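Asks: Numbering (the working numbering), first residue to last: 5 to 105.
Ideal placement from N, C-alpha and C gives every residue a C-beta, glycine not left out.
Only a predicted model underlies this, so the values are computations on that prediction, with no experimental measurement involved.
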């Protein structure tokens, strides 16, 4: 929620997120099922998070929220980041990503 409010204050960052990428928010602690690429993911009561998150987290990684995942057009993981990202570094990261060949 903090990240979302922070992003909403920056019109140019919002433009990047809305125009250049498919940006979505998911609650990894939700008990709701998630469907992605014809696969269904369920809440894992032992880990207290949805199994969907496991697709992106390495086994030794400590997760904090928000948890960022940047996927390529062919759905390869380009980057993950655990925690809040200030607007300026996020904008620079996204701009750099879109400039790469």
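Inspect the CB distances between the stretch 92-103 and the stretch 56-70 and report whether three or more fall short of 8 Å.
Replies: Not touching, per the Cβ criterion.
Asks: Between the C-alpha atoms of residue 111 and residue 55, what's the straight-line distance to the nearest angstrom?
Replies: In the structure as shown, the chain begins at 5 and stops at 105. Residue 111 is therefore absent and cannot be evaluated.
Asks: Quick one: Cα of residue 72 to Cα of residue 83, how far?
Replies: Sequence index remark: in the chain shown, residue 72 carries index 68 (1-based). Sequence index remark: in the chain shown, residue 83 carries index 79 (1-based). The straight-line gap from Cα to Cα measures roughly 8 Å.
Asks: Spell out the partners DSSP gives residue 73 in its beta bridges.
Replies: Residue 73 sits at position 69 when you count from the first residue of the chain shown. Looking at the DSSP assignment, residue 73 forms a beta bridge with 84.
Asks: Would you list, in sequence order, the uninterrupted beta strand (DSSP E) runs of no fewer than 3 residues that lie entirely inside the stretch 25-59?
Replies: You should have 38-40 and 43-45.
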